[in-house]
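Asker: To start, I am sharing the structure in question, which I have written as structure tokens.
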Amino acid sequence: DEHHCQTNARQRYLYRRRLPGSYRSVPLPWPRRHPFSDSFRLYAGEQWVSVSARVVDKLVDSPLNDPLIRYIRRSSNPDEVWAPTIALNGKPEVTFVNDRRRYVRWPGDGSAAHPAVLGPADLPAIRDSDGFFARKIDLAAWPEAFDALDDLAAQRPLDRKSTRLN
Numbered sequence: 001d002e003h004h005c006q007t008n009a010r011q012r013y014l015y016r017r018r019l020p021g022s023y024r025s026v027p028l029p030w031p032r033r034h035p036f037s038d039s040f041r042l043y044a045g046e047q048w049v050s051v052s053a054r055v056v057d058k059l060v061d062s063p064l065n066d067p068l069i070r071y072i073r074r075s076s077n078p079d080e081v082w083a084p085t086i087a088l089n090g091k092p093e094v095t096f097v098n099d100r101r102r103y104v105r106w107p108g109d110g111s112a113a114h115p116a117v118l119g120p121a122d123l124p125a126i127r128d129s130d131g132f133f134a135r136k137i138d139l140a141a142w143p144e145a146f147d148a149l150d151d152l153a154a155q156r157p158l159d160r161k162s163t164r165l166n
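For the record, in the sequence shown the residue sitting at position 121 is 121 according to the numbering used here, with numbers rising by one throughout.
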């Protein structure tokens, strides 16, 4: 666990169960029965992933899909678990790069539950980042957002060096 959210996610998927017919989940006093072992580990991450064609093939064709999908069917946010767990288990092995290539600004000290809504004042930071995407935009508050971001993309050189996002 490199980030506190990974420990929280593990608790959410192992010690909570979604109520049938509902999006609510309830805590359990014991871990749920699960398919995980030393050779099939649970991974959680953001639902916003960027993957290669090789990883897409693995995600679609993995024999681990059936047991994982049966398990996460009763989980609160299965989209945070499915892709990372399938991609990082089994063959072929893949390389994981912890860089989502998205510009995200977190309010305050970064421990907020949700990213900040971006606005025109964020354009210089977005321009200086190496993100392919910007998250999170409210078009009602900033209707010109798509045009402004398209303009930034058109100005961006193709050989840009990678830098870490916040």
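For glycine and all other residues, C-beta sits at the position ideal for the given N, C-alpha and C. The structure displayed is predicted, hence computed values, not measured ones.
1. What do you get for N166, buried or exposed, if any count of 16 or more other CB atoms within 10 angstroms of its CB means buried?
2. Three or more beta-carbon pairs under 8 Å between the stretch 24 to 43 and the stretch 76 to 94, yes or no?
3. Whose C-alpha, out of R12, A148, P157, A112, is nearest the C-alpha of S76?
4. Please report the distance separating the alpha-carbon of A53 from that of P29.
5. Taking 8 Å as the cut-off, decide whether the C-beta atoms of I137 and A125 are in contact.
6. Nearest to L149 by alpha carbon, out of S62, D122, A140?
7. Strictly by DSSP, which residues pair up with F133?
8. Could you give the C-beta distance for G182 and W142, rounded to a whole number, given that I count them as a contact under 8 Å?
9. Taking Cβ to Cβ, would you say W82 is nearer than 8 Å to L64?
Answerer: According to the data block:
1. With a pLDDT of 35 at N166, under the threshold of 50, the predicted position of this residue should be treated as unreliable, and no value is reported.
2. yes
3. R12
4. 40 Å
5. no
6. D122
7. R102
8. It is not possible to answer for residue 182, since the shown part of the chain is limited to 1 through 166.
9. no
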